Amino acid sequence: MIRAIKGTRDILPPESEIWNQVENLAREILLLYGFSEIRTPIFENTELFSRGVGKDTDIVSKEMYSFLDRNNRSITLRPEGTASVVRSYLEHQLYNDPQILKLYYLGPMFRRERPQKGRSRQFHQLGVEVLGSDHPAIEAEVIEMLQLFLNRVGITNTELLLNSIGCSHCRPNYLKILKIKLINTQANLCVDCQRRALTNPLRVLDCKIESCQLIIKSLPSILDFLDQPCQKHFEQFLQYLKDRHIKYKVAPLLVRGLDYYTQTTFEITSTSLGAQNTLVGGGRYDGLAELLGGQSTQGFGFALGIERIILLLQEKFASLTPKTPTIFLAPLGEKGFKKATLVAQNLRNQGLRCLLDFTPRSLKSAMRLANKLKTQYLLIVGSEELESGKYPLKRMHDGTQILVEEKEIFYKIENGLEN
Ligand SMILES: [Zn+2]
Ligand SMILES: [Zn+2]
Numbered sequence: 001m002i003r004a005i006k007g008t009r010d011i012l013p014p015e016s017e018i019w020n021q022v023e024n025l026a027r028e029i030l031l032l033y034g035f036s037e038i039r040t041p042i043f044e045n046t047e048l049f050s051r052g053v054g055k056d057t058d059i060v061s062k063e064m065y066s067f068l069d070r071n072n073r074s075i076t077l078r079p080e081g082t083a084s085v086v087r088s089y090l091e092h093q094l095y096n097d098p099q100i101l102k103l104y105y106l107g108p109m110f111r112r113e114r115p116q117k118g119r120s121r122q123f124h125q126l127g128v129e130v131l132g133s134d135h136p137a138i139e140a141e142v143i144e145m146l147q148l149f150l151n152r153v154g155i156t157n158t159e160l161l162l163n164s165i166g167c168s169h170c171r172p173n174y175l176k177i178l179k180i181k182l183i184n185t186q187a188n189l190c191v192d193c194q195r196r197a198l199t200n201p202l203r204v205l206d207c208k209i210e211s212c213q214l215i216i217k218s219l220p221s222i223l224d225f226l227d228q229p230c231q232k233h234f235e236q237f238l239q240y241l242k243d244r245h246i247k248y249k250v251a252p253l254l255v256r257g258l259d260y261y262t263q264t265t266f267e268i269t270s271t272s273l274g275a276q277n278t279l280v281g282g283g284r285y286d287g288l289a290e291l292l293g294g295q296s297t298q299g300f301g302f303a304l305g306i307e308r309i310i311l312l313l314q315e316k317f318a319s320l321t322p323k324t325p326t327i328f329l330a331p332l333g334e335k336g337f338k339k340a341t342l343v344a345q346n347l348r349n350q351g352l353r354c355l356l357d358f359t360p361r362s363l364k365s366a367m368r369l370a371n372k373l374k375t376q377y378l379l380i381v382g383s384e385e386l387e388s389g390k391y392p393l394k395r396m397h398d399g400t401q402i403l404v405e406e407k408e409i410f411y412k413i414e415n416g417l418e419n
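Dropping the structure here:
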């Protein structure tokens, strides 16, 4: 028996129907806000992520699916979407368009993490990138859009956490102090953080290990180190949220796991999920394009974990049944079957969801199956019907039955068997 690889899974009906509904709703809302879809390759040159995401991140140092192809080139299954979008933006010189660019992507990402509830090795993200603007209002607009999506999908127990991690001018001052504090307490830090204290102290704030958490709580806040432009940007951003009546909590420890963020960072968490409670993570990444060898480009975006959304919706959708065919065609005998194949073609051309039974069976057995499949109507196609040109059309839930000609079927169903 060959099984799916650990950390991956099949999305089966009726769950796949929930995925469709969530994705369709997302696309609908993204359109309202002027976003267009971008589809980048699933695999990229490894260098894109080691440069774009950062060598010292968990993603690059331990979680990537990287391999040599037959030409000994190092290839990586994308662990996140932003680096690819910015690579594409630079490669196709999309910056030549004077407008700000609003892009979104939707698809699988790959990270070799320990699989647990709400976290798999192939997981799915909806991501949004706004390129070419550093206006704080665009940040508030993106968050407003997220809230609309979560509300419409039916997720309410959420918390919006915000922070600013400054810029290349003001952050170094904070990092200097942070480094000194961390080195002073180095012995009490976890092994990873002992290394991070020297290479990338900001990432210590991200550590979930308890002994580190104790130390992290006593560290100075980056918000006290912001320079004037960063402070102003953050205040304006908060004001735009207030104007929209969007509730938030400032979280000075929120730095996100990726190196390319500047100024605004944010997360939306769910109080209904366990340890893996982050639904959305995002922020501003004005430094990324340059890291990838391009011109300086302002960017703001987020990634939303679809698996966690689905997890939250599962209870709500427990009663959801897959879209069933509207009409079940029950052929009797070989001639009836031949005719039924043509009736099915005809009805589908007219836009009716239609199921043709391929197994020869009695009328009684066909009824039972139609009931089980929860189809709304059943049409009997036997030799008698062929001769008369009139077919019994039965409404399943109340047993109402009428005789119809083939060309009337669609119309009669549209009108609920009336007239
Ligand atoms: Zn700054
Ligand atoms: Zn740690």
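For what it's worth, the working numbering labels the leading residue of the sequence shown as 1, then goes sequentially.
Using N, Cα and C, we set each Cβ at its ideal position, and we do this for glycine too.
Just so you know, these numbers come straight off a predicted model, no measurement behind them.
Near ligand 2, meaning a Cβ closer than 6 Å to any of its heavy atoms, lie the following residues in chain order: Leu189, Cys190, Asp192, Cys193, Cys207, Ile209, Cys212. In this structure, Gly301 lies away from Thr262, with their beta-carbon atoms at least 8 Å apart.
Taking non-hydrogen atoms of ligand 1 into account, the C-beta of Leu226 is found less than 7 Å away from one of them. In the three-state reduction of the DSSP assignment, Glu405 falls in the coil class. Residue pairing of Cys354 in beta bridges, as defined by DSSP: Ile327. The C-beta distance from Val153 to Leu182 rounds to 40 Å, too long to fall under 8 Å, and the pair is not in contact. Distances taken from the Cβ of His169 to the heavy atoms of ligand 1 include one shorter than 7 Å. Taking 8 Å as the cut-off, the Cβ atoms of Val86 and Ile38 do not count as close.
Counting along the chain, Tyr377 sits inside the beta strand (DSSP E) bounded by residues 377 to 381. Secondary-structure assignment with DSSP links Gly7 through no beta bridge to anything. In the DSSP assignment, Pro172 falls within the unbroken alpha helix (DSSP H) covering 171 to 184.
Taking C-beta atoms under 8 Å as the contact rule, Ile309 and Val128 fail to qualify, at a distance of about 15 Å. Gly336 and Leu363 have their C-alpha atoms roughly 12 Å apart. At a threshold of 7 Å, Gly166 counts as near ligand 1, since its beta carbon sits closer than that to one of the ligand's heavy atoms. Between His397 and the set Lys372, Cys190, Ala137, the nearest pair of CA atoms involves Lys372. With distances taken between CA atoms, Arg73 lies nearest to Thr46 out of Thr46, Thr82, Gly54, Leu94. In this structure, DSSP gives Ser168 a state outside helix and strand, which the three-state scheme calls coil. Here the segment 220 to 232 lies against the segment 161 to 173, with 3 or more beta-carbon pairs under 8 Å apart.
C-alpha of Trp19 to C-alpha of Glu307: approximately 9 Å in a straight line. The beta carbons of Glu113 and Glu63 sit closer together than 8 Å. Collapsing the DSSP output to three states places Gln295 in coil.
Sequence-distant Cβ neighbours of Ala137 in its own chain, meaning closer than 6 Å and more than five residues away, are Tyr240. Rounded to the nearest angstrom, the Cβ distance from Gly283 to Arg244 is 18 Å, too far for a contact under 8 Å. In the DSSP annotation of this structure, the continuous segment of the alpha helix (DSSP H) that includes Tyr89 starts and ends at 82 to 91. In this structure, Asp134 keeps its C-beta atom at 8 Å or more from the C-beta atom of Gln295. CA-CA distance, Ser272 to Asp206, rounds to 21 Å. For Val280, the uninterrupted beta strand (DSSP E) run begins and ends at 278 to 284, by DSSP.
CA-to-CA, the gap between Leu150 and Thr156 works out to about 7 Å. Distance from the Cα of Gln93 is smallest, within the candidate group Gly293, Leu126, Pro252, for Gly293. Residue pairing for Thr400: DSSP places it in no beta bridge. Using a 10 angstroms sphere on the CB of Lys339, the tally of other CB atoms reaches 16 or more, which defines it as buried.
In the displayed model, Val250 falls within a strand according to three-state DSSP.
At a Cβ-Cβ threshold of 8 Å, Thr158 and Leu279 count as neighbours.
Looking from the CA of Phe110, the closest CA among His124, Met145, Glu387 belongs to His124.
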